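Right, one structure below, let's go through it.
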Amino acid sequence: MSTLYEITGQYLELFKMMESADNLEMKVITDTLDGMDGELEEKADGYAKIMAELDAEAVKFENEADRLAARAEQLHNRSKVLKDRLKAAMILCNRKKLKTDFYSFAICKNGGVAPMEVDEVAVPDDYMKKIPDMSKIREALTEGKVLPFATLKERGEHLRIK
């Protein structure tokens, strides 16, 4: 059985031959194409079966990854609870620092920028960003309006297997 690469090459070669073929050659070419159809369909079936197996295997791995991620999150949450309890105990005992044989503990201010609370309704325009309304632009373009700042692009293609 030919590989998909070989089948594709044979199709391309026959299509090139069709451009300059007379009636007799055309009959031979179409007969050859008809014979190759079954081979391509058989190869496509094989590909689809392998893709289905690979997709099923990928779903198994994704499910296992989800399970492990949930378990990791549980462990992180337990660790955070313990850390919060220790911090609360240090605060209650008025101890900003502790030192043991294995670890040093200190209650410190958080780094980075200071958190903010903003009333978004009261913010003046000078402090606001303007962003384009993409759905309104798309609607105008699909209605046939010409907008100098936007155009609709062609959709891509994909292979659907049922």
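Numbering-wise, the sequence shown is residues 286 to 447 according to this note's numbering.
Each residue gets a CB set at the ideal place from its N, CA and C atoms; glycine is no exception.
Small disclaimer: the values here were computed from a predicted structure and weren't measured.
Q: Closer than 8 Å by C-beta to T436: which residues in its own chain qualify, once you throw out the five before and the five after it? Chain order, please.
A: Excluding positions up to five away in sequence, the list reads L426.
Q. Just the Cα atoms here: how many angstroms apart are A354 and G397?
A. About 28 Å.
Q: Return the residue from the list T293, V344, A399 that minimises the CA-CA distance to L318.
A: Ranked by Cα distance from L318, the options T293, V344, A399 are led by T293.
Q | Residue of K365, N379, E402 minimising C-alpha distance to I392 | A | The residue with the shortest Cα to Cα distance from I392 is N379.
Q.
Measuring straight from C-alpha to C-alpha, what distance separates S364 and L371?
A. In this structure, the straight-line span from the alpha carbon of S364 to that of L371 is close to 11 Å.
**Q.** Local conformation of D287 per DSSP, three classes
**A.** Reading the sequence as shown, one finds Ser at residue 287 and not Asp. The DSSP-derived three-state label of S287 is coil.
**Q.** M321 versus G441 - alpha carbon distance
**A.** In a straight line, the C-alpha of M321 is about 28 Å away from that of G441.
Q) L297 to I314, Cα distance in whole Å? A) When rounded, the distance between both Cα atoms is 12 Å.
(Q) What residue range does the beta strand (DSSP E) around S389 cover? (A) Element bounds for S389: 389-391.
(Q) Assuming K382 is part of the alpha helix (DSSP H), what are its boundary residues? (A) Note, K382: premise wrong, no alpha helix (DSSP H); beta strand (DSSP E) at 382-384.
(Q) What would DSSP say about L437, mapped onto helix, strand or coil? (A) L437 sits in coil when the DSSP states are folded into three classes, being neither helix nor strand.
Q. Looking at the unbroken alpha helix (DSSP H) that takes in N419, where does it start and where does it end?
A. According to the sequence displayed, residue 419 carries Met and not Asn. Where M419 is concerned, the enclosing alpha helix (DSSP H) stretches over 419-427.
Q) DSSP on L325, reduced to helix/strand/coil? A) Here L325 sits in helix by DSSP.
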